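Trainee: Right, I'll just put the structure down here and ask away after.
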Amino acid sequence: MIVLGIDTATSVSSVALAGREGVIGSRVLAQGRGHVEFLMPAIVDLARETGVALEHLAGVAVDVGPGLFTGMRVGIATAKTIAQNLTVPLVGIPSLDLLAFGVRYSHKLICPVIDAKRAEVFTAFYRAVPGGVERESDYTSMTPQDLAAEILARREHVLLVGDGAPAYRDAFAPLDDVEIATRQYPSAEVLVELAIPKLEREEFSSPERLEPLYVRRSDAEIKWDRRGVVIERPNRIQIPKRSREAG
Amino acid sequence: MAGDEITTVCATPEATRAVAAAVATLLRPGDVVALSGDLGAGKTCFVQGAAEALGVRVRVQSPSFVIVREYHGDIPIRHVDVYRLNSIQELIDLGYDELFDPARVLFIEWGDAVEGELPGDRLEIEITGTGTEERRIALRGRGTWEQRIAGLPSEVAL
């Protein structure tokens, strides 16, 4: 049973192949952009080097975010395409779960933080349980300052993990009981490690239904008081009135 | 200084492009230009003039239907139109935050509609129809652009 993992939801992209006995190989691109160019060549190269025939894959796993929009979409589209073509199961795992699982040996309250830009982070709280981590709050986005206040209110030792921690270091610096993990990005190696038991338990999604995990961030409408106002254009072929109104 | 604006009147679309080309001499990678004006005011026309001056060799087309278009030039540009969107969440889901790229100049049509989402440092271009062909173009600098706008070539600052 060999599984392909694709993680392009943050600024460090990776792909990995793993079996029941562990990771067989991986490729990492530590650069903010270029997911599109990196992904397929990396998969093909990795398969060649590890001697894995892609048509023998037992499943595909993908990081469904929250994270960087472009990477997330590229990763999910690629994973869906491969899974559909090979008619193998597809597993989607949230980026925050991957970060938390990566530090599951911590006894502290685990708080993955992904830089969401716009001076916000994606986050959730986790606790280590036998065999992994358990999420104990919703996936959400908030300002690092609000998160710092929430951490303070919890009066617990907290381990921050993810690129949001160093990015907003100033917000977390005043907190005494906070440690920042060296790990900063989700990885395809963690992804496949988590995905294999899920595949074995048949906890997968159909390619048609797998969606990026969008965390709602705004309820505001765009202020469209002038959208319908048209200025007559000069030097243009006159559009007959009827068809103009139809548009 | 805040709120100062430079206005100029353009008799033809060609004149609008010429003003845009002059403005383009100030543009650097990472800059954000927000355009406002009614349908047909000439927002895309302005971007065409600026893009040509930035070394874009193909004709810039309205991004209304595809929302984002990208062009290679001496300075690459990204041209966004939020006209078809209704909510800020839709804008975010389109990867709005990733459109801001330090290597490119970003033009946003209907920028005034999403003002709260624009960066503090930006150049605002407001185009108003004053006759069949004639357009009034107002340039306003926000943030660091309050100073930078003073560097405009004199042919713009009428």
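Protein sequences, first through last, are from chains P and V.
According to the working numbering, the residues represented by the first sequence are 13 to 259, in order.
According to the working numbering, the residues represented by the second sequence are 258 to 415, in order.
The beta carbon of each residue, even a glycine, is placed where N, CA and C say it ideally should be.
Since the model is a prediction, treat every value here as computed from it, not as a measurement.
Please classify Gln404(V) as buried or exposed, where buried requires at least 16 other C-beta atoms within 10 Å of its C-beta.
Mentor: That one is exposed.
Trainee: Would you tell me roughly how many angstroms separate the C-alpha atoms of Gly294(V) and Ala308(V), rounded to the nearest one?
Mentor: 19 Å
Trainee: Once the 5 residues before and after Gly31(P) are set aside, which same chain residues still bring their CB inside 7 Å of it?
Mentor: Met13, Ile14
Trainee: Would you kindly work out how many angstroms separate the C-alpha atoms of Gly398(V) and Gly63(P), rounded to a whole number?
Mentor: 58 Å
Trainee: Short check: CB of Phe364(V) to CB of Pro376(V), under 8 Å?
Mentor: No. Outside cutoff.
Trainee: Over the uninterrupted alpha helix (DSSP H) stretch that includes Phe81(P), give me the two end residues.
Mentor: 81-98
Trainee: Since I believe Ile334(V) is in contact with Val313(V) (beta carbons under 8 Å), could you give me their beta-carbon distance rounded to a whole number of angstroms?
Mentor: Contact holds; Cβ gap of about 6 Å.
Trainee: Does DSSP put Met154(P) in a helix, in a strand, or in coil?
Mentor: strand
Trainee: Starting from Arg379(V), trace the beta strand (DSSP E) in both directions and tell me its first and last residue.
Mentor: Here the beta strand (DSSP E) through Arg379(V) covers 379-386.
Trainee: Suppose the cutoff is 6 Å on Cβ atoms and the five residues either side in sequence are ignored; what does the same chain contact list for Ala136(P) look like?
Mentor: Leu108, Arg147, Ser149, Tyr151
Trainee: How would you call His119(P), buried or exposed, if buried means at least 16 neighbouring beta carbons within 10 angstroms?
Mentor: exposed
Trainee: Inspect the CB distances between the stretch 200-213 of chain P and the stretch 68-75 of chain P and report whether three or more fall short of 8 Å.
Mentor: yes
Trainee: Which residue's Cα is closest to the Cα of Ala298(V): Arg393(V), Gly400(V), Ser411(V), Ala279(V)?
Mentor: With distances taken between Cα atoms, Ala298(V) lies closest to Arg393(V).
Trainee: Is the Cβ-Cβ distance between Ile94(P) and Pro224(P) less than 8 Å?
Mentor: With contacts defined as CB atoms closer than 8 Å, Ile94(P) and Pro224(P) fail to qualify as a contacting pair.
Trainee: By the DSSP assignment, the alpha helix (DSSP H) with Val115(P) in it spans what residues?
Mentor: Element bounds for Val115(P): n/a, residue is neither H nor E.
Trainee: Quick one: is Arg167(P) buried, meaning 16 or more other Cβ sit within 10 Å of its Cβ, or exposed?
Mentor: exposed
Trainee: Using a beta-carbon distance below 8 Å, is Leu80(P) in contact with chain V?
Mentor: yes
Trainee: Per DSSP, His336(V) is paired with what?
Mentor: His336(V) has Arg326(V), Phe364(V) as its beta-bridge partners, per DSSP.
Trainee: Let me see if you follow: with CB-CB separation under 8 Å, is Glu355(V) close to chain P or not?
Mentor: yes
Trainee: Can you give the beta carbon distance from Pro3(P) to Ala183(P), rounded, assuming they're within the 8 Å contact cut?
Mentor: Residue 3(P) falls outside the range modelled here, since chain P spans only 13 to 259, and no answer is possible.
Trainee: So for Ala179(P), helix, strand or coil by DSSP?
Mentor: helix
Trainee: Quick one: Cα of Val173(P) to Cα of Pro286(V), how far?
Mentor: 32 Å
Trainee: Pop quiz: Val371(V) and Val339(V) are said to be a contact at Cβ under 8 Å. What is the actual Cβ separation, rounded to whole angstroms?
Mentor: 6 Å
Trainee: What are the residues in the stretch 162-181 of chain P lying within 8 Å of chain V by C-beta distance?
Mentor: none
Trainee: Taking Phe81(P) as the reference, give the member of Gly37(P), Ile105(P), Thr20(P) with the closest Cα.
Mentor: Thr20(P)
Trainee: For Gly352(V) and chain P, any beta-carbon pair shorter than 8 Å?
Mentor: yes
Trainee: DSSP three-state call for Ala291(V): helix, strand or coil?
Mentor: strand
Trainee: Look up Glu146(P) in the DSSP assignment and give the residues it is bridged to.
Mentor: Arg139(P)
Trainee: Does the beta carbon of Leu363(V) come closer than 8 Å to any beta carbon on chain P?
Mentor: In terms of beta-carbon proximity, Leu363(V) stays away from the interface with chain P, with every pair separated by 8 Å or more.
Trainee: So, at 6 Å on beta carbons, what are the nonlocal neighbours of Gly114(P) in its own chain, with the 5 sequence-adjacent residues on each side left out?
Mentor: Arg195, Val202
Trainee: Confirm the yes/no value for this check: CB of Arg167(P), any heavy atom of the ligand MG, distance under 7 Å.
Mentor: In terms of ligand content, the structure shown is empty, and the ligand MG therefore cannot be addressed.
Trainee: The alpha helix (DSSP H) that contains Ile208(P), what's its start and end?
Mentor: Membership of Ile208(P) in the alpha helix (DSSP H) is indicated by the continuous run 200-212.
Trainee: Can you check which of these residues, Glu271(V), Val276(V), Leu348(V), is closest to Val325(V) by C-alpha distance?
Mentor: Leu348(V)
Trainee: Mind checking if Tyr197(P) is an interface residue toward chain V, Cβ cutoff 8 Å exclusive?
Mentor: Closer than 8 Å: no.
Trainee: Listed in chain order, which residues of the stretch 226-241 of chain P have Cβ atoms closer than 9 Å to some Cβ of chain V?
Mentor: Tyr226, Arg228, Arg229, Ser230, Asp231, Ala232, Glu233, Ile234, Lys235, Trp236, Asp237, Arg238, Arg239, Gly240, Val241
Trainee: Quick one: list the residues of chain P neighbouring Tyr328(V), beta-carbon separation under 9 Å, in chain order.
Mentor: The contacting residues do not exist; Tyr328(V) stays about 17 Å from chain P at best.
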